[in-house]
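For the record, in the sequence shown the residue sitting at position 65 is 64 according to numbering that gives the first Met the number 0, with numbers rising by one throughout. Ideal Cβ placement from N, Cα and C applies to all residues, glycine included. This structure is a prediction, so every number in the text was calculated from the model and none was measured.
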Amino acid sequence: MVRDSNSAADFLSFTNENGFPSLVNLEVNCRSPIVALHIFRAIHSTQLRDITLHFHVVASPVKATMAGLGGLFTFMASRPAWEQSIRSISLSMGAHFMTANDVRRLLPFNHLHHLTLDNTGLVLDDHLLDDMAKSWPMLKELFITNACSPLPSNATLNGLVPFSRHCPKIATLQLQLDAREVPAFVNTTDASWDECREGERTAVLLCVEATESAILDPTSVASFLLNLFPGIALSIMGDYGESQQDLLWRKVADITKGAPEVPTH
């Protein structure tokens, strides 16, 4: 783990042309993406697999933080070896600065297995989820949460479809959804889907932030999810409240729990 003290200058002693040549796991706990960028510039490993970033940026200027985050991700993507080697990225910010374009800078990491974006302020939409699924075919776990200050989501049930189509190993999805509109039946048996689903399909756990995930028809939502991910399990995140949305999502969970497992093909 690397922690910052006062400034990026404290890390200049790390820099040399052969710095950290065999580094595999990196956890950085610092005050801003700008400081983190200096750390990454000092790393010359071609074997980096797991990156965990904790930023404490509540008091930082918003524009500087946003520019620093974009610069950090752009630099990470500029290392060709990392595109193949990095398997896990976890980012916790404690402030709402991340945009969809920031996330798109991570799309070149096409061997990514795990992504966590915690309290970044990212507002999901279906287009971004589609880009993620197509860019990360090996993805197993995706966690996107804003628990400290919940935000509305523009992601709908349609946003889950690309993960069934392009990510055969997907096992866990945690996000907010607007499930008020249920898409028509999705054909999961056409040839293009079969090509992406060679071998046994992974059972999927969908973790839903119920309080921030609008829903109207739990029966139709459950039917859609079971068609999309046979054998799916639902976990309702947060406290078990008694709001209408909490109750409806719990009903979805009950329906999927009692459904017979659909054979894979």
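{"Asked": "Once DSSP output is grouped into helix, strand and coil, what is the label at residue 190?", "Found": "With a pLDDT of 44 at residue 190, under the threshold of 50, the predicted position of this residue should be treated as unreliable, though the coordinate-derived value follows. Reduced to three states, the DSSP call for residue 190 is helix."}
{"Asked": "If you reduce the DSSP assignment to three classes, tell me which class residue 201 lands in.", "Found": "coil"}
{"Asked": "Who are the near neighbours of residue 252 in its chain, counting only those whose CB is closer than 7 Å to its CB and skipping five residues on each side?", "Found": "233 and 235"}
{"Asked": "Strictly by DSSP, which residues pair up with residue 50?", "Found": "25 and 88"}
{"Asked": "With 16 as the cutoff for other CB atoms within 10 Å, does residue 152 come out buried or exposed?", "Found": "buried"}
{"Asked": "Less than 8 Å between the C-beta atoms of residue 85 and residue 48, yes or no?", "Found": "yes"}
{"Asked": "What does the alpha-carbon distance come out to for the pair residue 87 and residue 229?", "Found": "26 Å"}
{"Asked": "Since residue 37 is in the alpha helix (DSSP H), which residue starts that stretch and which ends it?", "Found": "32-40"}
{"Asked": "Which stretch, first to last residue, makes up the beta strand (DSSP E) that contains residue 253?", "Found": "Where residue 253 is concerned, there is no enclosing beta strand (DSSP E), although the alpha helix (DSSP H) it sits in stretches over 243-257."}
{"Asked": "Give the secondary structure of residue 141 by DSSP, where H, G and I count as helix, E and B as strand, and everything else as coil.", "Found": "strand"}
{"Asked": "In the DSSP assignment, what residue or residues form a beta bridge with residue 206?", "Found": "173 and 234"}
{"Asked": "From the DSSP output, which residues share a beta bridge with residue 113?", "Found": "87 and 140"}
{"Asked": "Is it true that the CB of residue 127 sits closer than 8 Å to the CB of residue 265?", "Found": "This structure leaves residue 265 out entirely; the chain is present only between 0 and 264."}
{"Asked": "Identify the residues that DSSP records as bridge partners of residue 155: which are they?", "Found": "177"}
{"Asked": "Would you mind working out which of 214, 80, 241 and 38 sits nearest residue 70, comparing C-alpha positions?", "Found": "38"}
{"Asked": "Just curious, the alpha helix (DSSP H) that residue 133 is in, first and last residue?", "Found": "125-134"}
{"Asked": "Let's test the definition: count the other Cβ atoms within 10 Å of the Cβ of residue 209 and tell me whether it reaches 16, buried, or not, exposed.", "Found": "buried"}
{"Asked": "Is the stretch 150-166 in contact with the stretch 208-228, if contact means three or more CB pairs nearer than 8 Å?", "Found": "yes"}
{"Asked": "Just to confirm, is the Cβ distance from residue 72 to residue 105 under 8 Å?", "Found": "yes"}
{"Asked": "Relative to the C-alpha of residue 35, which residue among 67, 129 and 166 is closest?", "Found": "67"}
{"Asked": "Which residue wins for smallest C-alpha separation from residue 109, given the options 32, 165, 97 and 157?", "Found": "165"}
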